[in-house]
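Read top to bottom, the protein sequences are chains A and B.
Start counting the first sequence at 2; every next residue gets the next number (the numbering used here).
Start counting the second sequence at 131; every next residue gets the next number (the numbering used here).
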Amino acid sequence: MISYSTLLVLATTTLLGAIAGVLGSFAVLRGRALVGDLLAHAALPGLCVGFLLVGRRELGAMLLGAVIAGVAAVTLMTFIARNRRTKEDAALGIVLSVFFAAGIVLLSVIQNLPTGGAKAGMEAYLYGQAAGINRTDLLVIATIAALALLVLLLFRKEFQLVTFDPEFARVQGWPVMALDLGILGLITLVTMAGLPAVGVILMAALLVIPPAAARFWTDRIGRMLLTAAIVGGGSGILGTLISAGILPIRWPGEESVASELPTGPTIILCGSAIFLLSVLFAPHRGLAAKAIQLAILRTRIAADHLLRTLYELGEQDGALDQGRSWQAIRRARRWSGAELIIAAFWARIQGWISFSGNLPRLTPQGIQQAETLVRSHRLWELYLIDRAGIAPDHVDRDADAVEHWLTGELVSALEVPLREKGEVLKAPGEVPQSPHPTMAEERKPEGGDA
Amino acid sequence: MSAPPLEIHDMTVAYHRKPVLWDIDVVVPEGRLVGIIGPNGAGKSTLIKAALGLIPLASGQVWFYGQPYARQRHRVGYVPQRESVDWDFPVTVQDVVLMGTYGALGWVRRPGARERRLAEECMETLGIQEFRHRQIRQLSGGQQQRVFLARALAQQADLYFMDEPFVGVDAQTEKTIIGLLQNLRNLGKTVLVVHHDLQTVPEYFDFIILLNMRLVAAGDMASTFTPENLQKAYGGRLTLLDQVAEAVRRGASP
Numbered sequence: 002m003i004s005y006s007t008l009l010v011l012a013t014t015t016l017l018g019a020i021a022g023v024l025g026s027f028a029v030l031r032g033r034a035l036v037g038d039l040l041a042h043a044a045l046p047g048l049c050v051g052f053l054l055v056g057r058r059e060l061g062a063m064l065l066g067a068v069i070a071g072v073a074a075v076t077l078m079t080f081i082a083r084n085r086r087t088k089e090d091a092a093l094g095i096v097l098s099v100f101f102a103a104g105i106v107l108l109s110v111i112q113n114l115p116t117g118g119a120k121a122g123m124e125a126y127l128y129g130q131a132a133g134i135n136r137t138d139l140l141v142i143a144t145i146a147a148l149a150l151l152v153l154l155l156f157r158k159e160f161q162l163v164t165f166d167p168e169f170a171r172v173q174g175w176p177v178m179a180l181d182l183g184i185l186g187l188i189t190l191v192t193m194a195g196l197p198a199v200g201v202i203l204m205a206a207l208l209v210i211p212p213a214a215a216r217f218w219t220d221r222i223g224r225m226l227l228t229a230a231i232v233g234g235g236s237g238i239l240g241t242l243i244s245a246g247i248l249p250i251r252w253p254g255e256e257s258v259a260s261e262l263p264t265g266p267t268i269i270l271c272g273s274a275i276f277l278l279s280v281l282f283a284p285h286r287g288l289a290a291k292a293i294q295l296a297i298l299r300t301r302i303a304a305d306h307l308l309r310t311l312y313e314l315g316e317q318d319g320a321l322d323q324g325r326s327w328q329a330i331r332r333a334r335r336w337s338g339a340e341l342i343i344a345a346f347w348a349r350i351q352g353w354i355s356f357s358g359n360l361p362r363l364t365p366q367g368i369q370q371a372e373t374l375v376r377s378h379r380l381w382e383l384y385l386i387d388r389a390g391i392a393p394d395h396v397d398r399d400a401d402a403v404e405h406w407l408t409g410e411l412v413s414a415l416e417v418p419l420r421e422k423g424e425v426l427k428a429p430g431e432v433p434q435s436p437h438p439t440m441a442e443e444r445k446p447e448g449g450d451a
Numbered sequence: 131m132s133a134p135p136l137e138i139h140d141m142t143v144a145y146h147r148k149p150v151l152w153d154i155d156v157v158v159p160e161g162r163l164v165g166i167i168g169p170n171g172a173g174k175s176t177l178i179k180a181a182l183g184l185i186p187l188a189s190g191q192v193w194f195y196g197q198p199y200a201r202q203r204h205r206v207g208y209v210p211q212r213e214s215v216d217w218d219f220p221v222t223v224q225d226v227v228l229m230g231t232y233g234a235l236g237w238v239r240r241p242g243a244r245e246r247r248l249a250e251e252c253m254e255t256l257g258i259q260e261f262r263h264r265q266i267r268q269l270s271g272g273q274q275q276r277v278f279l280a281r282a283l284a285q286q287a288d289l290y291f292m293d294e295p296f297v298g299v300d301a302q303t304e305k306t307i308i309g310l311l312q313n314l315r316n317l318g319k320t321v322l323v324v325h326h327d328l329q330t331v332p333e334y335f336d337f338i339i340l341l342n343m344r345l346v347a348a349g350d351m352a353s354t355f356t357p358e359n360l361q362k363a364y365g366g367r368l369t370l371l372d373q374v375a376e377a378v379r380r381g382a383s384p
């Protein structure tokens with residue numbers, strides 16, 4: 002069902018995506034994500050010069066030209082950036098455009114040559130032309146991938162050190178410059194190999210997108226390299242299958258729109274989609290995970306506030322486990338939107354409150370929990386008044402934010418100096434009086450409630 | 131008689147043709163805890179970076195135990211400034227501490243059981259063993275500094291250079307670090323520390339190097355940490371020197 006030529010393209014793009022993802026990870030972690038872009042653009046004039054010198058599409062000469070051009074571009078960028086008036090990003094922009102412009106000019110020179118068939122396919126390097134991929138291309142990428150993998154396996158420790166802390170590496174005697182050039186050299190080779198498939202302009206994306214996506218999924222460099230390889234290879238597979246029309250993209254009942262899509266750009270778009278999914282849904286670092294963590298946190302805080310409100314209402318009439326009306330709770334504290342409902346829901350699940358009739362009341366367990374909270378809250382207030390010289394009517398809001406985080410250890414530390422003075426606290430574990438009227442007292446209605 | 135751990139002769143260092151250190155001559159004796167002291171911009175960090183070959187010398191020589199650095203780097207440990215690396219980097223505390231052993235391991239060889247044990251001991255010394263599998267961003271500033279110190283310990287050096295190890299750390303960490311440094315000194319090692327809190331200098335160190343673009347004084351704490359020397363180092367910038375440097379720079383670059 003899948004033709005031989007499609008299989009060839011599939012194997013090439015998969016390998017390319019995987020190895021570019023791995024090598025790109027080092028560039029991204031070293032803070033040099035754009036160097037891949039520079040190398041890819043610089044490769045174009047190198048390829049052209051190689052072609053012009055030999056007179057036909059001789060792989061070795063063109064590769065050599067591209068590598069030399071890449072080294073020249075990086076050297077030139079470093080040299081320009083050494084002048085303090087031009088920053089490194091500006092230098093990179095300048096060099097990239099100069100080399101690319103030179104490449105385009107040389108391409109048109111080649112187009113005007115009378116050599117006929119020999120020049121065919123040169124313009125494919127610009128945007129890539131996956132349909133033209135042949136066995137040699139696959140062989141080249143496979144060789145380069147194997148070489149890169151071998152080098153990385155051997156020198157993983159060295160590359161990791163140089164990428165993380167080049168200064169320390171130099172003090173230990175590692176040749177930082179040579180190791181940096183080693184990675185750059187491998188990136189150049191992979192870039193060359195990738196040009197027939199995705200082209201100069203999009204090659205950089207294959208070096209940057211997979212590592213950027215992979216960083217969301219893990220905090221270990223080894224796993225990040227593996228994830229980048231999977232993301233890169235996966236983009237290659239998906240992009241190739243979609244562009245070949247094997248994975249149809251269509252509305253139900255309509256014809257596929259995807260049978261004639263260009264391979265390179267489709268691969269990049271698939272990679273971008275994976276990146277977007279990573280940003281949104283990666284565990285811990287993804288936005289959805291962050292939003293859930295925040296929601297849980299807010300719920301916990303709201304429940305804490307509900308417990309304290311019930312406790313302070315109870316303090317006034319001495320009946321801590323009394324059911325309280327929703328009006329009384331709303332009067333005693335300002336609640337935003339659904340905050341109170343969520344708080345009550347959470348506190349009920351935790352077993353801190355139960356409902357008698359429709360009225361929430363503290364369970365014995367809830368009273369204990371509330372006592373801890375109220376103690377933390379008031380001890381912090383007293384500490385602020387005593388040590389920081391803050392007026393009693395200004396400490397409530399601050400303690401409101403801090404009470405949820407005070408661990409047993411911190412509370413004891415707050416308690417000791419207060420107990421030594423012996424005024425507000427007599428016994429350990431006692432809940433001190435509030436240093437200011439509680440909100441429950443302040444907002445007490447004329448008539449009784451509850 | 132063995133050669134001293136560190137000898138600096140006629141060291142001059144320049145950034146963009148503007149000298150930041152002039153004619154430094156210092157000999158650090160073995161087994162001392164040395165504070166490198168001076169005002170902001172005095173060239174304290176530059177001194178150790180230049181000694182370690184991280185910044186090129188405009189002139190002068192540096193000898194480690196009587197030999198050039200390249201021959202003695204296995205005896206030298208280094209703690210860079212904490213902000214010199216990206217703490218979001220995907221490595222764990224243990225990974226970073228193991229990096230201290232890379233120098234002795236040499237090319238290609240991986241840290242094995244012996245290196246892991248060493249790293250474990252270093253983490254325990256600094257009290258960070260419970261964080262060994264944490265990514266380094268998830269640590270406080272003080273804990274991050276301890277990671278760097280543990281890595282330096284894992285270098286098993288005789289001479290240590292530390293660039294501002296007390297910056298941005300909590301009181302507990304500062305106590306741990308100074309205790310560790312004094313232990314190293316008591317083991318006969320030599321420790322040089324860039325430091326800028328004058329108050330703690332007499333308490334922490336037994337030898338100081340006072341800098342302000344040139345060497346103001348160097349020697350035992352008692353004889354060197356004097357009001358006159360401090361006045362020389364901190365009392366106003368050396369304006370004439372600055373002006374000359376500026377004039378040279380302008381004259382040299384059209």
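From the three backbone atoms N, C-alpha and C, an ideal C-beta is built for every residue, glycine too.
Proximity below 8 Å, CB of residue i to CB of residue j
{"i": "A:Glu340", "j": "A:Ala303", "result": "yes"}
{"i": "A:Tyr128", "j": "A:Pro263", "result": "yes"}
{"i": "A:His42", "j": "A:Phe80", "result": "no"}
{"i": "B:Ala133", "j": "B:Gly207", "result": "no"}
{"i": "B:Gly272", "j": "B:Asp293", "result": "no"}
{"i": "A:Leu1", "j": "A:Ile142", "result": "Outside the modelled stretch of chain A, which goes from 2 to 451, sits residue 1 of chain A, for which no answer is possible."}
{"i": "A:Arg171", "j": "B:Leu187", "result": "no"}
{"i": "B:Leu310", "j": "B:Leu279", "result": "yes"}
{"i": "B:Leu289", "j": "B:Cys252", "result": "no"}
{"i": "A:Ala44", "j": "A:Leu196", "result": "yes"}
Separation of residue j from residue i, as counted between CA atoms
{"i": "A:Ala371", "j": "B:Phe261", "result": "32 Å"}
{"i": "A:Gly233", "j": "A:Ala214", "result": "10 Å"}
{"i": "A:Ala218", "j": "B:Met343", "result": "Looking at the sequence itself, residue 218 of chain A is Trp, so the reference to Ala does not match. One C-alpha to the other measures close to 48 Å."}
{"i": "B:Arg246", "j": "A:Gln161", "result": "17 Å"}
{"i": "A:Val10", "j": "B:Gln268", "result": "43 Å"}
{"i": "A:Ala229", "j": "A:Leu278", "result": "14 Å"}
{"i": "A:Asp394", "j": "A:His405", "result": "20 Å"}
{"i": "A:Pro46", "j": "A:Ile105", "result": "8 Å"}
{"i": "A:Ala34", "j": "A:Asp401", "result": "44 Å"}
{"i": "A:Pro115", "j": "A:Val36", "result": "36 Å"}
{"i": "A:Met178", "j": "A:Arg251", "result": "50 Å"}
{"i": "B:Leu341", "j": "B:Pro198", "result": "23 Å"}
{"i": "B:Pro135", "j": "B:Lys148", "result": "29 Å"}
{"i": "A:Trp327", "j": "A:Arg362", "result": "11 Å"}
{"i": "B:Tyr334", "j": "B:Leu317", "result": "16 Å"}
{"i": "B:Thr330", "j": "A:Phe169", "result": "27 Å"}
{"i": "B:Gly168", "j": "A:Gly265", "result": "58 Å"}
{"i": "B:Gln274", "j": "A:Arg325", "result": "49 Å"}
{"i": "B:Gly233", "j": "B:Arg203", "result": "9 Å"}
Beta-bridge partners of residue i, as assigned by DSSP
{"i": "B:Lys148", "result": "B:Tyr145"}
{"i": "B:Gln191", "result": "B:His139"}
{"i": "B:Gly165", "result": "B:Val323 and B:Ile338"}
{"i": "B:Met292", "result": "B:Val209 and B:Val323"}
{"i": "B:Ala348", "result": "B:Ile339"}
{"i": "A:Arg362", "result": "A:Ser355"}
{"i": "A:Ile105", "result": "For A:Ile105, which the question treats as bridged, DSSP gives no partner whatsoever."}
Any non-hydrogen atom of the ligand NAP closer than 7 Å to residue i Cβ
{"i": "A:Val110", "result": "Inclusion of the ligand NAP in the displayed structure is not the case, the ligand content being empty and no account of it being possible."}
Going along the segment 208–226 of chain B in order, which residues come within less than 8 Å of chain A, judged by CB to CB distance?
Listed by position along the chain: Tyr208, Pro210, Ser214, Val215, Asp216, Phe219, Pro220, Val221, Thr222, Asp225 and Val226.
Specify whether the segment 65–75 of chain A and the segment 188–208 of chain A touch according to this definition: at least 3 beta carbon pairs, one from each stretch, less than 8 Å apart.
The segment 65–75 of chain A, when compared against the segment 188–208 of chain A, does touch it at the 8 Å Cβ threshold.
For the 8 Å Cβ check, are there 3 or more pairs between the segment 162–171 of chain A and the segment 211–221 of chain B?
The way I'd put it, the segment 162–171 of chain A does touch the segment 211–221 of chain B; three or more beta-carbon pairs between them come closer than 8 Å.
Within 7 Å of chain A by C-beta, residues of the segment 260–282 of chain B in sequence order:
Listed in sequence order: Gln265.
Does the segment 371–389 of chain A come into contact with the segment 304–317 of chain A, if we say contact requires no fewer than three beta-carbon pairs (one atom in each stretch) closer than 8 Å?
At 8 Å Cβ cutoff, the stretches touch.
Any residues in the segment 176–196 of chain B with a beta carbon nearer than 9 Å to a beta carbon of chain A? Which ones, in chain order?
Taking 9 Å as the Cβ-Cβ cut-off against chain A, the residues of the segment 176–196 of chain B that qualify are Lys179, Leu182, Gly183 and Leu184.
Can you pull out the residues from the segment 236–249 of chain B whose beta carbon lies closer than 9 Å to at least one beta carbon of chain A?
Look at the segment 236–249 of chain B: the residues with a C-beta under 9 Å from a C-beta of chain A are Trp237, Val238, Arg239, Arg240 and Pro241.
Below 8 Å, can you find three or more Cβ-Cβ pairs linking the segment 320–340 of chain B to the segment 168–181 of chain B?
Enough Cβ pairs lie closer than 8 Å, so yes.
Anything in the segment 286–304 of chain A with a Cβ closer than 8 Å to a Cβ of chain B? List those residues in chain order, please.
Against chain B - using a Cβ distance shorter than 8 Å - the segment 286–304 of chain A contributes no residues.
Please identify, using Cβ separations under 8 Å, the residues of the segment 23–46 of chain A that lie next to chain B, in order along the chain.
For the segment 23–46 of chain A, which is checked against every Cβ of chain B, the residues closer than 8 Å are Leu30 and Gly32.
Closer than 9 Å between beta carbons: that is the criterion. Which residues of the segment 141–157 of chain A meet it against chain B?
Cβ contacts with chain B come from Leu155, Phe156 and Arg157.
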